[in-house]
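Chemist: With our numbering applied, the sequence shown corresponds to residues -2 to 156, in that order.
My structure is below; once you've seen it, I'll send some questions.
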Amino acid sequence: MTPELIKTRPCEIDHKGLLEVLKKYDPALAKRFDDLFSQLPPQIKQTPCEVDGKKLLEMIKNKEPFVFLDIRTPQEMSITGITWKDTLRIPMHELFKEENLKKLPKDKKIIVVCHTGARAAAVTLALRAVGFMNAYSYKGGLAELAKDAGRNTVNVIGQ
């Protein structure tokens, strides 16, 4: 699969063509993933790196410092988003550029959020692999965050 095809906006992708590309086994790409994942220390591969609604509300109530890292596309962010004061908005395809990694805090938790949690889980693993052991994915993504917050947030933040 070519990087250009991956970066294409979903609305501009020929879905049938993309599916044909995705169905093909790419041994070179598989080797690169094997090289990457086989070098990860056990604690990165085994440690649950998720925060759920209950944990997030505890963190807010206890005034634990954290930052949301919204890795969705700019198009997704333009529709709905997080209004938390400490939110970084860096799309996944731009996150691992040196200038963007420098924006990430090392002194507080980074809660990585996407729409459903799948991209956030992958990015969290990658962030931990490059040294950000303070990265956690939000379980279920922004869709679950909206459900988890609901009226519960009013009680926690209003105190």
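All residues carry an ideal CB built from backbone N, CA and C; glycine is no exception.
So, do the segment 67 to 83 and the segment 106 to 113 have three or more beta carbon pairs nearer to each other than 8 Å?
Modeler: Touching, yes.
Chemist: Work out the CA separation of LYS105 and PHE63 for me, nearest whole Å.
Modeler: Numbered from 1 along the sequence shown, position 66 holds the residue referred to as residue 63. Numbered from 1 along the sequence shown, position 108 holds the residue referred to as residue 105. In a straight line, the C-alpha of PHE63 is about 5 Å away from that of LYS105.
Chemist: Can you give me the start and stop residues for the alpha helix (DSSP H) that LYS107 sits inside?
Modeler: In the sequence shown, residue 107 corresponds to position 110, counting from 1. Per the sequence shown, residue 107 should be read as Ile rather than Lys. From DSSP, ILE107 is part of no alpha helix (DSSP H) but of the beta strand (DSSP E) over 106 to 110.
Chemist: Suppose you measure from the CA of GLY147 to the CA of GLY138; what does that come to, to the nearest Å?
Modeler: Locating residue 147 in the sequence shown gives position 150, where the first residue counts as 1. Locating residue 138 in the sequence shown gives position 141, where the first residue counts as 1. Taking the straight line from one Cα to the other gives about 15 Å.
Chemist: Where does THR80 sit, in a helix, a strand or coil, going by DSSP?
Modeler: For this step, residue 80 is matched to residue 83 along the sequence shown. THR80 falls in the coil class under three-state DSSP.
Chemist: Between the segment 120 to 129 and the segment 76 to 88, do at least 3 Cβ pairs fall closer than 8 Å?
Modeler: Output reads no: the segment 76 to 88 does not touch the segment 120 to 129.
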